[in-house]
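Participant: My questions will all concern the structure given below.
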C-alpha cells in the first residue's frame, strides 16, 4: 500500500519561465515592434504570453504549496486517488469550457466531442509514458536520494531539447542550443546544496534510469505537442478532453493495482486536507496550462517557463518561509537569465 | 614584519583560457579557413595562439606550484623579496632577448632601449596600480577570509570587460557580453565549496574594497594593453624592459618599507627553497606571457586564458594530488566552455 505525497504527472519539469520570445518582443524591442505586426499576430502573441505567464505562476505556486504542505506535517492521502481527481477535474474543466463554446458558437467540426479512431488512437500514449516513468521512479530511489533525484531531473531539459529537434523536426540555432545547455547547468547550480556532490557517486544503473526517465518525460512532452499541433484548427478543449480521459483511465487502474485495499478500508478521501485540495486544484490548472502552452507555444517555452518558476519559487520562499538564498542560487539564476536572453537573441540565427 | 606566500603581481586574474578566437579558427571552421587567409595573417594568428597557450600553461602550472608548496609545508620567505626577484628576472630576460635581436637585426628605432620622456612617463602607472591594489589586499582580509577573497576576485572578469570597453573603446557584441557574464558566473561556480555562502555575509566595506580592487586590477591590465598597443611597431622586449624596471623600483621600495628588518636580520634569501625558486621562475615567465598576450592579443583573451587555466589546474590536481572534482566544478566548467564558444560565435555580430 503506497501512501505518499502528491506528485505531478503532466508537468514533470518540476522546476518554471516566461515566454522568452514574447518577453523579448515586449521588453527589449519595445511597443513599437508590436504595433508594426498585424492584429492577428498580436492576438497570437497575446495568447502565447498569457498561457506562458499562467504556467509560470501555477508552477511557482505549486512548488510553494508543496513546501507549505511539508511544513504543515505529513499528509496520509493516497497519491493515486489524488492523481485520479486531478485528471477528473481537468476533464470536467475542459467539458465546461466546451459547453460554453457550444452555447456561443454552436457545434462545429472543430469543437465537436465525437472523434475518429484515427484521431484518438495516439491520445493514450503520453499518459502511458508518464505511467511507465512514475513506475520507474520507485526503483531509482534505490540508487539516489530525493534531493539527488531533483538534481538529476534537470536532465529533462536536455532530453526535451534533443527530442523536440528529432521528433518535431524544429531547428534550434547554435546559440539556442548553447542557451539550452546553460539552462540545464544554471537550474542545477541554483539547486546545489552541501550534499549535492553525492549525485556524482550515483552508480551506473541509477544514471541509466535517470536518463531513461528523462527521455520518457521528454518524449511524453514532445509527443503531446505533436498530437495537439497535428490538428491546428481542432479546439484545444476537445484535445484536452481526450488526453485527460485516458489519464483518468490509467489512474483508475493505478488505484486498483496499488491502493485498492487502502481506499476500501480507509475511504477514498482519507487524509485529505485544505492543502491537498489546493494542490489538486493547482495541478489540474497547471496541467491545462501545459496543454495550452503546447498548443500556442511549444515545449521549449514550457521548459523555460518551468525553470524561471523554480527561481521565482526560491525568491518567494525567502519572504514566505524565511529561506536563505545561497551564492549557488545567485550564480544559477544569473546563468538562467543569460540563457533566457540568448534563446531570444539566437532566434535570428535560425 | 610581513612574511607570506608569494603572490602574483602581474597576472592577477588568479584563474586561465585558450585563445578562443584561434581555437575556433582551427577547430571548428577547420584548416580550410586558415589556408584561405594570407601568410601574414597566418603568422599573426600563429603568434597569438602560441602566446595564449603559453599563458594558459604557465598560469596552470603556477597554481599547481602553489598547491605543491602548501602541501610541502609553510615557507617563511619574504614576499617582497620574491616579487623583486620576479621583476628583476623579467628585466634580465627582456634584455637577453633584446641582445639577441640587436645581434641579428642591428639596433633600430623600434628596438633601441633609449626612450623619450613622452614614451616612458606612462610606464610606472600599471606598477603603481598593482602596488595600491596589493596594499588594499591587507585590509580586505579584515572583512573576508582567503577562500572568500578568491570568490570575490572573479569580479576582475567583469571589471576588465567594462574597462576594456571604456578605455580601449573596443566593442564587444551583446553575445560576447553575455559570454563574459557567464565566464564570471562559471568561474565562481567552479570554485564553490561548502563555506562559499559566507561571502554573501561580507559587510559593505568589504564589498566596496573588493570592487575597488577589481577596478584597480582591471584598470592596470587594460592600461598596460593601451601602453603596449600605442606603439605597435615598438619591440615588445623594450616595452617590457621599461614596464619591469618600474616594477623593480616599486618592489625595492616595498622591501624597504615592509621587510627591511627581516632582510637585514635573516638575510635576503631566508626561507627560499626549490619550490620558491620554481615559483619565481614561473611568475617571471607568466608575466612575460601576459605582456605578449597584451601585445599580440588583448585583455579579453588574457581573461579567458587564465579562466581556462583555472579549470585545467583543477583537473590536473585530480591526478597529481588526488583532489575530488565537485558537481559545482562540472557545472562551472560547462558554463565556462559555453562562454568560450559564445565569445567566438558572438564575433560575427561585432
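Chains as they are written, first to last, in the numbering used here: chain S, 675 to 1024; chain R, 675 to 1024.
Where a beta carbon is used, it is the ideal one built from N, C-alpha and C, also for glycine.
A quick note: this is a predicted structure, and the numbers were derived from the prediction, not measured.
(1) From residue 832(S) to residue 830(R), what distance separates their C-alpha atoms?
(2) Using the Cα positions of residue 812(R) and residue 738(S), report the straight-line distance between them to the nearest angstrom.
(3) For residue 703(S), would you say it is in contact with chain R, using Cβ-to-Cβ distances shorter than 8 Å as the test?
(4) Let me check one thing: in DSSP terms, what residues is residue 726(S) bridge-paired to?
(5) Hey, residue 871(S) and residue 755(S): beta-carbon distance below 8 Å or not?
(6) Using 8 Å for Cβ pairs, my map puts residue 1018(R) next to residue 732(R). What's the rounded Cβ distance?
(7) List the endpoints of the continuous alpha helix (DSSP H) containing residue 942(R).
(8) Quick one: complete alpha helix (DSSP H) runs, 4+ long, within the stretch 876-934 of chain S?
(9) Under the three-state reduction of DSSP, which class applies to residue 712(R): helix, strand or coil?
(10) Quick one: what's got a C-beta closer than 6 Å to residue 1012(S)'s C-beta in the same chain, skipping five residues either side?
(11) Does any C-beta atom of chain S lie closer than 8 Å to the C-beta of residue 885(R)?
(12) Within 10 Å of its beta-carbon, does residue 790(S) have 16 or more other beta-carbons around it, so buried, or fewer, so exposed?
(13) State the DSSP-derived secondary structure class of residue 778(S), mapped to helix, strand or coil.
(14) Mind checking which residues open and close the alpha helix (DSSP H) that includes residue 1003(S)?
(15) Quick one: grab the DSSP three-state call for residue 846(S).
(16) Looking only at its chain, what residues have a beta carbon closer than 6 Å to the beta carbon of residue 760(R), apart from the 5 residues adjacent to it on each side?
(17) Among the residues of its own chain, which have a CB less than 6 Å from the CB of residue 704(S), if the five just before and after it don't count?
(18) For residue 902(R), count neighbouring C-beta atoms within 10 Å of its own C-beta (all shown protein chains included) and say buried if the count is 16 or more, exposed if not.
(19) Could you check if residue 782(R) is buried or exposed, using at least 16 other CB atoms within 10 Å of its CB as the buried criterion?
(20) Taking 8 Å as the threshold (beta carbon to beta carbon), is residue 810(S) in contact with chain R?
(21) Count the C-beta pairs between the stretch 840-856 of chain R and the stretch 984-998 of chain R that are closer than 8 Å, then say yes if the count reaches three, no if not.
(22) Does residue 770(S) pass the burial test, meaning 16 or more other C-beta atoms within 10 Å, or should it be called exposed?
(23) Which value, in whole angstroms, describes the spacing of the CA atoms of residue 1015(R) and residue 924(R)?
(24) For the stretch 1008-1019 of chain S, list every residue whose C-beta sits within 7 Å of some C-beta in chain R, in sequence order.
(25) Below 8 Å on the Cβ atoms is my contact criterion, and I expect residue 842(R) with residue 896(R) to pass it. Report the Cβ-Cβ distance as a whole number of Å.
(26) Thinking C-alpha only, which one of 917(R), 837(R), 828(R), 713(R) is nearest residue 864(R)?
(27) Using CA coordinates, which residue listed in 979(R), 886(R), 946(R), 1005(R) is at the minimum distance from residue 743(R)?
(28) Report yes if the CB atom of residue 929(R) is closer than 8 Å to the CB atom of residue 937(R), and no otherwise.
(29) Going straight from the alpha carbon of residue 727(S) to that of residue 780(S), what length do you get?
(30) If you measure beta-carbon to beta-carbon, which residues of the stretch 970-1004 of chain R are closer than 9 Å to chain S?
(31) Does the stretch 865-884 of chain S come into contact with the stretch 815-829 of chain S, if we say contact requires no fewer than three beta-carbon pairs (one atom in each stretch) closer than 8 Å?
(32) Output the boundary residues of the alpha helix (DSSP H) element that contains residue 795(S).
(33) Grouping DSSP H, G and I as helix and E and B as strand, with all else coil, what is residue 872(S)?
(34) Could you pull out every residue in the same chain whose Cβ sits closer than 8 Å to the Cβ of residue 907(R), ignoring the five residues on either side in sequence?
(35) Is the shortest distance between the beta-carbon of residue 833(S) and the beta-carbons of chain R less than 8 Å?
Facilitator: Put simply:
(1) 32 Å
(2) 45 Å
(3) Unreliable placement is indicated for residue 703(S), whose pLDDT of 39 sits below 50; no coordinate value is reported for it.
(4) Residue 726(S) pairs with nothing; no bridge assigned.
(5) no
(6) 23 Å between Cβ atoms; not a contact.
(7) Careful: residue 942(R) lies outside any alpha helix (DSSP H) and carries neither H nor E.
(8) 878-904, 910-928
(9) coil
(10) none
(11) no
(12) exposed
(13) helix
(14) 1001-1019
(15) coil
(16) 954, 957, 958
(17) Confidence in residue 704(S) is poor, its pLDDT being 39 and thus under 50, which makes the residue's placement unreliable; the coordinate value appears in the next sentence. Same-chain partners within the cutoff: there are none.
(18) buried
(19) exposed
(20) no
(21) no
(22) exposed
(23) 40 Å
(24) 1008, 1009, 1012, 1015, 1016, 1019
(25) 6 Å
(26) 828(R)
(27) 946(R)
(28) yes
(29) 30 Å
(30) 998, 999, 1000, 1001, 1002, 1004
(31) yes
(32) From DSSP, residue 795(S) is part of no alpha helix (DSSP H); its letter is neither H nor E.
(33) helix
(34) 784
(35) no
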